[in-house]
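Residue 392 in the working numbering sits at position 9 of the sequence shown; the count goes up by one each step and never skips. Written out below as C-alpha cells is the structure these notes cover.
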Amino acid sequence: MNTLNRQRSFFENCILQFDAALKTVAHSAVAIRPNPAQSALPALTPSEKRVSAQCMRVNHAGEIAAQGLYQGQAWSAHDPAIREKMQEAALEEVDHLAWCETRLIELESHTSYLALFWYMGSFMMGAIAGWAGDKWSLGFVAETEHQVMRHLNSHLDCVAVVDTRSREIIEKMYEDESRHATHALTAGAATLPKPIPTLMRFMAKVMTTTARWI
Ligand SMILES: [Fe+2]
Ligand SMILES: [Fe+2]
C-alpha cells in the first residue's frame, strides 16, 4: 500500500510537472500583478524596435529557464519548506514571463522558438542543484539571480531610452530578481565553488546569444 502510495505520488508529481512545463512553453502565462509597463506605446524606429524585441525575447527565454530551474529544484528539494519556497518563487516569475510576452506582442515579434529546450535543460540543472542539497540549491538561486540582474542591467543600456514600456518591465524584473537573490541568501544559500558560476555563465551565454535571434 505504501509502495502504491509512493508510486501514485510520483506519477502525480510527473503529471503536475508536465502540466507546469506545458503551461510555461505554450504561451499561457497569466500575470497576477499588474503589468509595470504603464506608459503610452512609444514610437520606435525599426532599428529600436528590433533591439527591444531581441532584448525582450532573451528576457522571456530567461524566464522560461527560470521556470524550469525552480520547478526542477522544487522536484528534488530535500526540505518541504524549501520546495514550497521554490514553487512560490516560480509563481512570481510567471508575472515576468507574461509581461515579456505581452511586450513582444506589442513589438510585433515572437518568443524564442527553442522554449521547450530552454525549459528542459534548466529543469535538469535545477533538479541536480536540488538533489545536491538545499544550501547548494539556494546558492544556485542566488547566483542565477545575480547573473540575471547583470543581464537586465545590460539590456537597460541597449533598449532605447524612448522605449519606456520595455524599460519599465526590465526595471521591475530587476527589483524582483534582487529580492529573490536576497531571500535565497538569508535562507542559507551556500557560495558555489568557482567552476559552477563559470559554467552557469557559459550556459547563460549560449541561451542569450541564441534566443536573441531564434
Ligand atoms: Fe524573473
Ligand atoms: Fe527571480
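Every residue, glycine too, gets a C-beta built ideally from N, C-alpha and C.
| Residue burial classification, Phe585 (beta-carbon count within 10 angstroms, cutoff 16) | exposed
| said: Quick check: is any heavy atom of ligand 1 less than 8 Å from the C-beta of Glu471? | reply: No, ligand 1 has no heavy atom inside 8 Å of this Cβ.
| task | Determine the burial state of Lys468: buried for a count of at least 16 other Cβ atoms within 10 Å of its Cβ, exposed for fewer. | result | Flag for Lys468 reads buried.
| Can you tell me whether DSSP reads Lys518 as helix, strand or coil? | Judged by DSSP in its simplified three-state form, Lys518 adopts helix.
| Quick one: Cα of Leu568 to Cα of Glu560, how far? | 12 Å
| task | Please report how far the alpha carbon of Glu528 lies from the alpha carbon of His563, in whole angstroms. | result | Going by C-alpha positions, Glu528 is about 7 Å away from His563.
| Exposure label - Trp495; buried when at least 16 CB within 10 Å | Before going on, a small fix: residue 495 reads as Ser here, not Trp. Buried, since its Cβ has 16 or more Cβ neighbours within 10 Å.
| To the nearest angstrom, how far is it from the Cα of Phe523 to the Cα of Met532? | Approximately 14 Å between the Cα atoms of the pair.
| said: For Thr386 and Ser392, what's the separation of their Cα atoms in angstroms? | reply: Residue placement at Thr386 is poorly supported in this model, since its pLDDT is 46, which falls under 50; the coordinates still yield a value, given next. One C-alpha to the other measures close to 10 Å.
| request: Assuming His443 contacts Leu490 (C-beta within less than 8 Å), just tell me the rounded distance between them. | output: About 11 Å separates the CB atoms of His443 and Leu490; that is not less than 8 Å, and the two are not in contact.
| query | Which same chain residues, not among the five before or five after Ala460, have their C-beta less than 7 Å away from its C-beta? | reply | Arg466, Met469, Gly513, Asp517, Ser520
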